[in-house]
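Written out below as structure tokens is the structure these notes cover.
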Amino acid sequence: MEEKLNIEKVYAPQEVEKKLYQLWQDKGYFEAKVDPDKQPYTIVIPPPNVTGQLHMGHALDETFQDVLIRFKRMQGYSALWLPGTDHAGIATQIKVEEALRNEEGLTRYDLGREKFLERVWDWKHKYGSTIINQLKKLGCSCDWSRERFTMDEGCSKAVREVFVNLYEKGLIYQGNRIINWCPKCTTALSDAEVDYEEKQGNFWHIKYP
Numbered sequence: 026m027e028e029k030l031n032i033e034k035v036y037a038p039q040e041v042e043k044k045l046y047q048l049w050q051d052k053g054y055f056e057a058k059v060d061p062d063k064q065p066y067t068i069v070i071p072p073p074n075v076t077g078q079l080h081m082g083h084a085l086d087e088t089f090q091d092v093l094i095r096f097k098r099m100q101g102y103s104a105l106w107l108p109g110t111d112h113a114g115i116a117t118q119i120k121v122e123e124a125l126r127n128e129e130g131l132t133r134y135d136l137g138r139e140k141f142l143e144r145v146w147d148w149k150h151k152y153g154s155t156i157i158n159q160l161k162k163l164g165c166s167c168d169w170s171r172e173r174f175t176m177d178e179g180c181s182k183a184v185r186e187v188f189v190n191l192y193e194k195g196l197i198y199q200g201n202r203i204i205n206w207c208p209k210c211t212t213a214l215s216d217a218e219v220d221y222e223e224k225q226g227n228f229w230h231i232k233y234p
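Using this note's numbering, the letters of the sequence shown map in sequence onto residues 26 to 234.
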């Protein structure tokens, strides 16, 4: 007697994609192997900030990278897509401070340096794992065995080494210039972190006798 194949009337992509993605991971299809007979091809993912969750821009960007890395695998390259997340510095600090203020009515000064740092790391673990899970749900074929965080010891050491090398070559130096100073964060901000606001003002003319 022939067995009948039951096909669901409504396609449920969540279930199908979840099983298929897990199969790909179990088979190690995303892991790049060192092979002298294959030409290496690597994409380092622009690490999403751990300030929250992914948005549509991330989804579009990761899709482009995923298409490219899968294409290179099909061409026979030893293709590595290196995943990771970024600490985002001040942006993450502000998010944690907002959560503290809204949920507990506290400031970072109320907690003190060490306790506040603990809260920041708690935030990183919460939203860092959320972002990684979102990337997996998108079907991103990253080599998850090599996942990195920008404050990992290896990454931090590499940044320090490059900084010192550039300084010794005279390419990094101190100078006087106008900066964006935040009195609340008590630190300098990059142009990308500044919100501009236009205000009506007066234009004064001074007439000399």
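Using N, Cα and C, we set each Cβ at its ideal position, and we do this for glycine too.
Quiz prompt | Option in A37, G53, G77, K63 with minimal Cα separation from I157 | solution = Restricting attention to A37, G53, G77, K63, the CA atom closest to the CA of I157 is found in G77.
Practice problem: Assign I230 to buried or exposed, taking buried as 16 or more other Cβ atoms, counted over all protein chains shown, within 10 Å of its Cβ. | Solution: Correcting the residue type first, residue 230 is His in the shown sequence and not Ile. Looking at its Cβ environment, which holds fewer than 16 other Cβ atoms inside 10 Å, H230 is exposed.
Quiz item: Looking at the structure shown, is F174 part of a helix, part of a strand, or coil, going by DSSP?
Solution: It is a strand residue.
Quiz prompt | Inter-residue CB distance, G280 and V75 (contact presumed, cutoff 8 Å) | solution = The first residue shown for the chain is 26 and the last is 234, placing residue 280 beyond what the model contains.
Quiz item: Can you tell me the Cα-Cα spacing of H150 and Q225, whole angstroms?
Solution: Rounded to whole angstroms, the gap between the alpha carbons of H150 and Q225 is 44 Å.
Exercise. Taking W106 and C180 to be in contact with their CB atoms under 8 Å, please state how far apart those CB atoms are, rounded to whole angstroms.
Key: Between C180 and W106 the Cβ distance is about 17 Å, and since that is not below 8 Å, they are no contact.
Quiz item: When the Cα atoms are used, what is the spatial distance from E139 to P38?
Solution: Straight-line spacing of the CA atoms in E139 and P38 works out to 45 Å.
Quiz item: Applying the criterion that 16 or more other CB atoms from any shown protein chain within 10 Å of the CB defines a buried residue, is L160 buried or exposed?
Solution: Classified as buried, L160 has 16 or more neighbouring CB atoms from the shown chains inside 10 Å of its CB.
Quiz prompt | L136 (DSSP reduced to helix, strand or coil) | solution = If DSSP states are grouped into helix, strand and coil, L136 belongs with the helices.
Exercise. Classify V187 as helix, strand or coil using the three-state DSSP reduction.
Key: Helix, per DSSP.
Quiz item: Within the chosen definition, does the region 88 to 95 reach the region 170 to 179 through at least 3 CB pairs nearer than 8 Å?
Solution: Contact between the region 88 to 95 and the region 170 to 179 is absent, because fewer than three Cβ pairs lie under 8 Å.
Exercise. Kindly indicate which residue of K52, E186, D91 has the alpha-carbon position closest to the one of I70.
Key: The option with the nearest alpha carbon to I70 is D91.
Quiz item: When the Cα atoms are used, what is the spatial distance from G53 to P108?
Solution: Going by the C-alpha atoms only, they are around 15 Å apart.
Practice problem: Could you name the residues of the same chain whose beta carbon sits closer than 6 Å to that of R144, not counting the 5 residues immediately before and after it, in chain order? | Solution: Here the set comprises V121.
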